[in-house]
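All remarks here apply to the structure that follows.
Next up, the structure:
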């Protein structure tokens, strides 16, 4: 059976003022993601990209034998589509992600981050070399369930945050936060700050990493070919502005996911967290 998700975000406060939506489909064992963009970061722009993605998924579903279960992460648009669900007989809209849908949402989020990073890298290549960028990272995991919120933020308040389901280790979460930073800001030399000594140890040469830790470290090292990234430890919960912001963003990503808070509210919370950084920049 084919299943699909549509995930949306915007890039307000970054170099690329875009709204994005990604449609990720899983047809048996084949996973495919397509990203849709519109210039502008208003709700109407993000909704337009989500409708573009919905049209794409509907066209894909029309060729299947059974209705395709689809989850739309934008709560407002999801409610509107559910009200007219009878008009889309090829699609079965669901109110909450189930089964393998959380993994599809992660794939959609990663695709959008990569798209934005590629745009930034292209712009940087055209502009020439840029100075080193300082980025703090952190992860937040609930002790009672799997899954971790990860985040990174730089001094001017530009941020990335997401929820990664089915992660049972805080250490993996810290490494995933570092990977998020390294993959999100590929256009600049980076100085990544983390409060996890264990994560830094795993990134060191000769450390006996295993399982998901080893796979995540390998991805980080691959992204750092050429040595454009250096890593440093910063004491956590000690008043360091970037570390504190990264921690709060990671917690907000996890709690927002657990409580199924609407995307618009999550974005507003994140904006409030980084507001002091933006004001000081």
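Residue numbers (full-length UniProt numbering): 1 to 281. Don't be surprised by glycine CBs; every beta carbon is placed ideally from N, CA and C.
From the DSSP output, in three-state form, read off residue i for me.
i	result
residue 152	strand
residue 6	strand
residue 146	coil
residue 38	strand
residue 21	strand
residue 1	coil
residue 317	Residue 317 lies beyond the residue range present for the chain, which begins at 1 and ends at 281; the question has no answer from this structure.
residue 68	strand
residue 27	strand
residue 54	helix
residue 266	helix
residue 133	strand
residue 167	coil
residue 92	strand
residue 339	The requested residue 339 does not occur in the structure, where the chain is confined to residues 1 to 281.
residue 192	strand
Rounding to the nearest angstrom, what Cα-Cα distance links residue i and residue j in this structure?
i	j	result
residue 156	residue 62	45 Å
residue 180	residue 125	21 Å
residue 185	residue 30	29 Å
residue 235	residue 173	17 Å
residue 175	residue 22	24 Å
residue 74	residue 55	15 Å
residue 178	residue 225	15 Å
residue 239	residue 159	19 Å
residue 118	residue 183	10 Å
residue 269	residue 163	15 Å
residue 222	residue 211	17 Å
residue 205	residue 218	11 Å
residue 280	residue 273	13 Å
residue 70	residue 114	23 Å
residue 116	residue 20	9 Å
residue 283	residue 94	For residue 283 there is no data in the structure shown, the boundaries of the chain being 1 and 281.
residue 275	residue 267	12 Å
residue 202	residue 83	50 Å
residue 263	residue 197	33 Å
What whole-angstrom Cβ distance do residue i and residue j have, given they're in contact under 8 Å?
i	j	result
residue 72	residue 6	5 Å
residue 130	residue 193	Between residue 193 and residue 130 the Cβ distance is about 18 Å, and since that is not below 8 Å, they are no contact.
residue 79	residue 41	Not confirmed; about 22 Å, so no contact.
residue 150	residue 250	6 Å
residue 85	residue 161	That belief does not hold up - the Cβ atoms of residue 85 and residue 161 are roughly 31 Å apart, past 8 Å.
residue 58	residue 88	6 Å
residue 68	residue 48	About 22 Å; that fails the 8 Å criterion.
residue 216	residue 107	Going by Cβ atoms, the distance from residue 216 to residue 107 rounds to 16 Å, so no, they are not a contact pair.
Candidates the options: which alpha carbon is nearest residue i's?
i	options	result
residue 154	137, 166, 77, 142	137
residue 282	191, 231, 260, 270	With the chain covering 1 to 281 only, the question about residue 282 has no answer from this structure.
residue 229	53, 23, 134	134
residue 26	104, 183, 249	104
residue 187	271, 47, 123	123
residue 44	34, 28, 8	8
residue 200	183, 211, 220, 189	220
residue 110	86, 171, 265, 32	32
residue 364	215, 81, 113	A query on residue 364 cannot be resolved here, the shown segment of the chain reaching from 1 to 281 and no further.
residue 265	66, 50, 76	76
residue 271	257, 258, 248, 118	248
residue 28	64, 140, 39, 146	64
residue 146	281, 115, 258	258
residue 46	139, 18, 67	18
residue 142	120, 170, 115	170
residue 189	165, 227, 166	227
residue 256	213, 140, 167, 208	140
residue 231	39, 195, 116	195
residue 132	100, 191, 167, 276	191
residue 1	112, 165, 213, 99	99
residue 102	121, 112, 166	166
Regarding residue i and the ligand HEM, is the C-beta to nearest heavy atom distance less than 7 Å?
i	result
residue 46	Annotation note on the ligand HEM: not contained in the displayed structure, which lists no ligands.
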